[in-house]
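This report refers to the structure that appears directly beneath it.
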Amino acid sequence: MPNAKLYVDHSVWTENQAELHGSLPEFRDILCQRLNVAPNACQLALIPVYGLADQPVINIELHIMPHPERTRDLLETLGGDLQAMIGDMADCPCAVRIATLDRQTYVALK
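The numbering of the sequence shown is this note's numbering, which starts it at 288 and goes up by one.
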């Protein structure tokens with residue numbers, strides 16, 4: 288159940304909106320392959336924001352459920368690959384934050 292939000296600062300949103308939107312299928316494919324999930328398990332969103340000038344202009348937040356094969360090394364590699372993909376595409380700094388959710392407290396209604 289990868290839930291990814293890509294927060295894109297308005298300073299790069301207009302120029303990169305179409306390309307970022309077009310990258311979502313590849314982004315989802317990477318998540319599905321690396322995390323061993325089906326496409327319908329993913330939820331992705333591009334969100335334009337107004338942020339501070341001294342922070343990365345794109346911030347990827349990824350929330351996932353824990354699984355034994357989702358080691359820190361795997362998640363760090365995944366984060367680095369997503370960071371490079373999106374950052375290179377938009378030619379700007381990109382931060383990645385990955386959080387593993389607590390099965391005991393997580394609630395999802397669909």
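Even glycine gets a Cβ: it sits at the ideal position worked out from N, Cα and C. Everything numeric in this text was worked out from a predicted model, so none of it was measured.
Can you look up Ala386 in the DSSP assignment and give me helix, strand or coil?
strand
Span separating the alpha-carbon of Val299 from that of Ala328
29 Å
Alpha carbons only, please: which of Lys292, Cys319, His297, Ala377 is nearest the one belonging to Gly338?
His297
So what's His350 in DSSP terms, helix, strand or just coil?
strand
Note down, one range per segment and in chain order, each beta strand (DSSP E) of at least 3 residues found wholly within the region 302-379.
330-336, 345-351
Take Leu331 and list the residues in its own chain whose beta-carbon comes closer than 7 Å to its own, dropping the five residues that flank it on each side.
Ala291, Leu311, Phe314, Arg315
Which class does Val394 belong to by DSSP, given the choice of helix, strand or coil?
coil
With a CB to CB cut of under 6 Å and the five nearest residues on each side skipped, what residues in its chain are close to Asn303?
In its chain, beyond the 5 residues on either side, Ala377 have a beta carbon closer than 6 Å to the beta carbon of Asn303.
So who's on the other strand from Val295, going by DSSP bridges?
Pro335, Ile345
Val344, buried or exposed, once every other Cβ within 10 Å from all chains shown has been counted against 16:
buried
Are the beta-carbon atoms belonging to Leu322 and Pro355 less than 8 Å from one another?
No, these two residues do not count as a Cβ contact at 8 Å.
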